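Here is the structure we will look at.
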Amino acid sequence: MKKNRQVVIAFLGNFNYDSRCLNLHHSFTQRGYDVKVISFDWLTPNFKEQIGDVSVLKLKKKSSFIYYLKFASQLIINLLGTNAGFYFAEDVYTLPFVVLIAKLKRGKVFYDSRELYGFLAGLRDRQIIQKLLFKIESIFIRYADTIITTGEMDSEFIQKQYKINNTLVIRNLPLFQPIDSPYNFRKVLSLSNETKILLYQGVVLHGRGLSLLLNVVKKINDIVLVVMGDGEQREFYKKSATDAGLIDRVYFMGKIPQRLLLNYTAGADIGFALIENISLSYYYALPNKMFEYIHAGLPVIVSNFPQMKKIVDDYKIGFAVNPEDDKEITGAVEELIHNKSKYDEFTSSCRKAAEVLNWDAEIKKLFTVIE
Numbered sequence: 014m015k016k017n018r019q020v021v022i023a024f025l026g027n028f029n030y031d032s033r034c035l036n037l038h039h040s041f042t043q044r045g046y047d048v049k050v051i052s053f054d055w056l057t058p059n060f061k062e063q064i065g066d067v068s069v070l071k072l073k074k075k076s077s078f079i080y081y082l083k084f085a086s087q088l089i090i091n092l093l094g095t096n097a098g099f100y101f102a103e104d105v106y107t108l109p110f111v112v113l114i115a116k117l118k119r120g121k122v123f124y125d126s127r128e129l130y131g132f133l134a135g136l137r138d139r140q141i142i143q144k145l146l147f148k149i150e151s152i153f154i155r156y157a158d159t160i161i162t163t164g165e166m167d168s169e170f171i172q173k174q175y176k177i178n179n180t181l182v183i184r185n186l187p188l189f190q191p192i193d194s195p196y197n198f199r200k201v202l203s204l205s206n207e208t209k210i211l212l213y214q215g216v217v218l219h220g221r222g223l224s225l226l227l228n229v230v231k232k233i234n235d236i237v238l239v240v241m242g243d244g245e246q247r248e249f250y251k252k253s254a255t256d257a258g259l260i261d262r263v264y265f266m267g268k269i270p271q272r273l274l275l276n277y278t279a280g281a282d283i284g285f286a287l288i289e290n291i292s293l294s295y296y297y298a299l300p301n302k303m304f305e306y307i308h309a310g311l312p313v314i315v316s317n318f319p320q321m322k323k324i325v326d327d328y329k330i331g332f333a334v335n336p337e338d339d340k341e342i343t344g345a346v347e348e349l350i351h352n353k354s355k356y357d358e359f360t361s362s363c364r365k366a367a368e369v370l371n372w373d374a375e376i377k378k379l380f381t382v383i384e
């Protein structure tokens with residue numbers, strides 16, 4: 014009997030701005046699979062809703078109940094129109110519907126547990142919703158044929174939490190690709206060659222270190238902060254920068270299309286992932302932005318949480334600092350600004366690390382399971 018080489022990827026987010034979904038799509042299409050993507054957007058203005066086999070369905074976030082009802086109904090309708098061999102739930106929100114339809118269609122279920130959804134920072138003050146997500150995951154995760162995580166500690170936690178062992182670690186690594194034309198921030202923002210560019214990349218949310226970076230900019234001259242990304246707290250941090258008198262030293266660039274992202278990243282000098290210890294999911298974080306900095310040749314300053322610190326220590330690509338120690342953060346920034354030999358050493362290490370820490374090598378583990 015001929016193997017079903019159709020793949021469905023479902024994701025509560027815009028596929029075109031999610032590196033993990035894009036890389037997954039790329040890997041399957043490169044191997045001759047037919048891939049259909051069902052994704053959603055409620056923030057990006059004027060996005061394209063259909064490009065080939067990729068659907069980005071419009072949601073209006075007026076009422077959480079109506080929002081979720083529309084999401085669920087659109088997802089179910091689109092899933093019912095498929096007949097795939099492999100179904101990927103790219104978050105806990107799509108998991109129940111993917112499980113139900115995949116079992117109906119006799120397809121394999123892959124659950125991409127990219128966060129510890131029972132311990133999300135954004136739901137610290139919304140415990141009813143947090144407990145509901147935990148309950149949903151605890152029920153439906155058992156129907157997944159393979160549970161994918163982004164780090165070893167995540168896998169260990171999930172195995173212990175749910176008493177399961179069918180996990181597979183696929184880290185959030187970029188595709189290995191040359192960076193031919195780094196974005197010229199200095200020209201676009203009218204900055205001098207002496208001004209160092211600090212980079213915050215990713216969703217703009219509380220607990221991701223933006224407030225810490227604003228403090229750094231206040232304390233050190235001849236640096237600016239570039240924020241690449243969007244999110245529900247973007248206006249809050251723009252106001253914070255204005256109130257702190259930093260409006261001419263903090264630049265909010267918005268979302269950058271994934272195909273251009275590394276070129277933009279390479280235009281900065283230091284990459285940051287100062288995630289704060291406000292949830293277990295954050296403490297276990299191994300964010301894709303850190304690996305994007307590595308591929309762009311940027312020395313990093315990250316939180317000294319276990320999984321991030323291990324990468325920094327193993328590959329010698331920057332500093333892992335205590336995110337609660339303002340003096341340690343500032344000292345690390347000043348060291349990279351003023352110690353050129355150390356900076357160049359980290360940059361060289363980033364180039365070497367990128368040859369190992371890339372999606373092309375990482376995704377082979379998934380195809381060992383599938384094929």
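According to our numbering, the sequence shown is numbered sequentially starting from 14. Yeah, the Cβ is synthetic: ideal placement off N, Cα and C, and Gly gets one too. All values derive from a computational prediction rather than experimental measurement.
| query | result |
| --- | --- |
| Contiguous beta strand (DSSP E) assignments of at least 3 residues, all confined to the stretch 17–102 | 19–24, 47–54, 67–71, 99–102 |
| C-alpha distance - T162 paired with H308, whole-angstrom precision | 21 Å |
| Coil, strand or helix - Y106 by DSSP | coil |
| Cβ neighbours of D54 in the same chain (closer than 8 Å, five flanking residues each side left out) | G26, N27, F60, V69, L70, K71, L72 |
| Beta-carbon gap between R272 and V237 smaller than 7 Å | no |
| Top-ranked residue by Cα proximity to Y130, from N234, A298, L259 | A298 |
| The stretch 313–326 contacting the stretch 284–301, beta-carbon criterion three pairs below 8 Å | yes |
| Sequence-distant residues of its chain with Cβ nearer than 8 Å to M14 (five each side left out) | Residue placement at M14 is poorly supported in this model, since its pLDDT is 49, which falls under 50; the coordinates still yield a value, given next. Closer than 8 Å at the Cβ level, and outside the excluded window around M14, lies no residue. |
| Backbone CA spacing between L212 and A281 [nearest angstrom] | 6 Å |
| The beta strand (DSSP E) enclosing Y264, as first and last residue numbers | 263–267 |
| 7 Å Cβ cutoff, M321 in contact with chain B | Absent from the structure is chain B; it holds one protein chain and no more. |
| Distance between T57 and A157 (C-alpha atoms, nearest Å) | 31 Å |
| Entirely enclosed alpha helix (DSSP H) segments - the stretch 132–174, minimum 4 residues | 140–153 |
| As assigned by DSSP and simplified to three states, the class of V217 | coil |
| Straight-line gap, A279 to V21 (C-alpha atoms, nearest Å) | 33 Å |
| DSSP beta-bridge partners of D339 | For D339, which the question treats as bridged, DSSP gives no partner whatsoever. |
| Residue burial classification, V382 (beta-carbon count within 10 angstroms, cutoff 16) | exposed |
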